[in-house]
Structure formats: structure tokens, C-alpha cells
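Colleague: Mapped onto the numbering used here, the consecutive letters of the sequence shown carry residue numbers 1 to 193. For glycine and all other residues, C-beta sits at the position ideal for the given N, C-alpha and C.
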Amino acid sequence: DGYPCLQWQDGCSYNPAEAEPGNNNQIPTDINGDGTPDNEQANVVGLINGPTGKYEGVELSGDCTLNNDELAVRQESDFAAQDPGFDYGHTFLNFAATCSDTTTTVKLYYYDVSGDFTVRKYNPNTQTYATVPGATTTTETINGHQVLVATYQLTDNGPLDLDPADHAILDPVGLGSPQSSSSSNLSDTGQDS
Numbered sequence: 001d002g003y004p005c006l007q008w009q010d011g012c013s014y015n016p017a018e019a020e021p022g023n024n025n026q027i028p029t030d031i032n033g034d035g036t037p038d039n040e041q042a043n044v045v046g047l048i049n050g051p052t053g054k055y056e057g058v059e060l061s062g063d064c065t066l067n068n069d070e071l072a073v074r075q076e077s078d079f080a081a082q083d084p085g086f087d088y089g090h091t092f093l094n095f096a097a098t099c100s101d102t103t104t105t106v107k108l109y110y111y112d113v114s115g116d117f118t119v120r121k122y123n124p125n126t127q128t129y130a131t132v133p134g135a136t137t138t139t140e141t142i143n144g145h146q147v148l149v150a151t152y153q154l155t156d157n158g159p160l161d162l163d164p165a166d167h168a169i170l171d172p173v174g175l176g177s178p179q180s181s182s183s184s185n186l187s188d189t190g191q192d193s
């Protein structure tokens with residue numbers, strides 16, 4: 001029906017013969033390719049991005065538990081403000097987690113995506129976008145697919161964490177492509193704090 005299908009939901013069972021991009025009923029059971037089914041790891045979750053039909057996933061390091069109920073694909077148009085300097089064709093992953101560690105490594109998995117992207121974050125409190133400091137993107141082969149992996153550090157109650165509660169993390173983040181040089185503003189539209 002065009003909405004993300006999470007592994008733990010009914011109707012999202014995995015059949016390798018049916019797990020092809022664009023099939024909104026099936027997702028890989030090992031989105032990060034580590035050999036352990038995602039449903040056995042509280043810190044990993046995958047979904048189908050409804051608008052693009054591609055697999056996406058989130059992995060957190062350390063002792064973190066992702067809140068599957070709050071994992072969502074968001075489009076830039078869902079937010080109160082638009083970013084005049086970047087396009088977001090691969091949408092935003094909005095996720096929440098509880099972590100006992102102060103700092104966690106975040107890995108975002110984008111199946112069958114290639115290109116030069118900047119990892120960007122939207123702050124709904126200030127209605128601004130900012131580039132995630134120190135974020136990197138690499139390309140890996142996982143489950144026979146080319147996967148763009150975005151990696152960055154997130155500190156509980158640090159500048160990237162939107163949840164003020166201790167050990168709780170909230171993070172809407174996406175892949176941005178700079179708009180053409182005819183755009184009037186290619187810089188950040190604000191600082192995320």
C-alpha cells in the first residue's frame with residue numbers, strides 16, 4: 001500500500017525468491033549483512049521505503065534498542081520547512097532508540113542507491129537543516145545488492161539528539177544532494193542544536 005513494512009509486522013515475512021526492490025511485502029532479514037537475522041538484534045531494523053520502493057535500514061552500535069514503532073520514512077515535504085540548498089530524493093529516516101552508552105555509531109543502509117550524498121539532519125524544533133559533522137558514506141555489497149552506507153556518531157543529549165531525556169535518542173536524518181548552482185543558497189539553513 002506504499003507504506004514502509006517493518007520486519008516484525010504481520011505480512012512482512014521474508015522469502016528470498018520474492019525479496020526484490022519494489023516488492024513492498026518483503027524485506028531482507030539481514031539488512032546489514034552481518035549474518036545474524038535482524039529480528040534477533042534489538043539494534044538493527046530494516047524496511048521498504050514506500051516512495052522509492054527500496055530497502056533501507058538502521059543499525060546502532062553498543063547497547064541500543066531501536067523503537068520500531070517510531071521508525072518512519074519521511075519526505076522533506078512532511079516537514080514545516082524546506083531546505084533551499086539540498087534535494088532529498090531518498091527521503092529521511094526518522095528513528096528513536098534507547099541506549100545505555102553515551103555515544104553510539106549510527107549506520108544507515110540504502111539499497112541500490114549510488115551517488116555523492118551529504119548526510120543531513122532536520123531539526124523540527126528550529127525548523128532547520130544541517131550537515132551531520134563527521135558523517136561518511138561508503139558503498140558495500142550486501143545480500144547481492146550495492147548498498148550506500150552512511151555512518152556517523154551520535155551522542156545522547158548532544159547536538160544531533162532531539163530527545164532531551166537521558167538514554168533516549170531521536171534522529172530524523174537523510175541523504176541530501178546539493179541543488180544546482182543556480183540555487184540561491186547552497187549552505188546550511190541553520191545549526192542543529
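Output yes or no for whether 7 Å exceeds the beta carbon distance between Asn49 and Thr91.
Modeller: Against the sequence shown, residue 49 aligns to sequence position 49. Against the sequence shown, residue 91 aligns to sequence position 91. Yes, these two residues count as a Cβ contact at 7 Å.
Colleague: Determine contact between the segment 58-70 and the segment 85-99, defined as no fewer than three beta-carbon pairs at a distance below 8 Å.
Modeller: At 8 Å Cβ cutoff, the stretches touch.
Colleague: Go ahead and pull the three-state DSSP assignment for Asp171.
Modeller: Taking the sequence shown and counting its residues from 1, one reaches residue 171 at position 171. Reduced to three states, the DSSP call for Asp171 is strand.
Colleague: Who does Asp112 pair with in a DSSP beta bridge?
Modeller: The residue you call residue 112 lines up with position 112 of the sequence shown. Answer is none; Asp112 lacks a bridge partner.
Colleague: Mind checking who Glu140 pairs with in its DSSP beta bridge?
Modeller: Here the question's residue 140 lines up with position 140 in the sequence shown. BP columns for Glu140 point to Val147.
Colleague: I'd like to check one pair, Pro172 with Tyr122: are the Cβ atoms closer than 7 Å?
Modeller: Walking along the sequence shown from the start, residue 122 turns up at place 122. Walking along the sequence shown from the start, residue 172 turns up at place 172. Result yes, Cβ atoms of Tyr122 and Pro172 sit closer than 7 Å.
Colleague: So does the segment 81-88 actually touch the segment 112-132, counting three or more Cβ pairs closer than 8 Å?
Modeller: A contact exists between the segment 81-88 and the segment 112-132.
Colleague: So, with DSSP's three-state summary, where would you put Ser77?
Modeller: Stepping through the sequence shown from its first residue, residue 77 is reached at position 77. Helix at Ser77.
Colleague: Please name the residue, chosen from Pro51, Thr65, Gln75, Lys54, that lies closest to Val45 on a Cα-to-Cα basis.
Modeller: Counting from 1 along the sequence shown, the entry for residue 45 is found at position 45. Nearest C-alpha to Val45: Thr65.
Colleague: Verify whether the separation of the beta carbon atoms of Tyr88 and Glu70 is less than 7 Å.
Modeller: As a working note, residue 88 is residue 88 in the sequence shown. As a working note, residue 70 is residue 70 in the sequence shown. Against a cut-off of 7 Å, the Cβ pair of Glu70 and Tyr88 comes out as no contact.
Colleague: Quick one, are the C-beta atoms of Val113 and Ala150 less than 7 Å apart?
Modeller: Against the sequence shown, residue 113 aligns to sequence position 113. Against the sequence shown, residue 150 aligns to sequence position 150. No, Cβ-Cβ distance for Val113 and Ala150 is not below 7 Å.
Colleague: To the nearest angstrom, report how far apart Asn125 and Leu162 are at their CA atoms.
Modeller: Position 125 of the sequence shown, counted from the start, is the residue given in the question as residue 125. Position 162 of the sequence shown, counted from the start, is the residue given in the question as residue 162. Cα to Cα, the separation comes out at about 8 Å.
Colleague: For Asp188 and Gly176, I'd like the C-alpha separation in whole angstroms.
Modeller: Taking the first residue of the sequence shown as position 1, residue 188 is located at position 188. Taking the first residue of the sequence shown as position 1, residue 176 is located at position 176. Since pLDDT at Asp188 reaches only 40, below the 50 mark, its modelled position is unreliable, and no value is offered.
Colleague: Grouping DSSP H, G and I as helix and E and B as strand, with all else coil, what is Asn43?
Modeller: The count along the sequence shown starts at 1 and reaches residue 43 at position 43. Residue state, collapsed to three classes: coil.
Colleague: Which whole-angstrom value describes the C-beta separation of Leu148 and Tyr110, a residue pair presumed to lie in contact below a C-beta threshold of 8 Å?
Modeller: On the sequence shown, residue 148 is found 148 positions in, with the first residue counted as 1. On the sequence shown, residue 110 is found 110 positions in, with the first residue counted as 1. Indeed they touch by this definition, with Cβ atoms about 4 Å apart.
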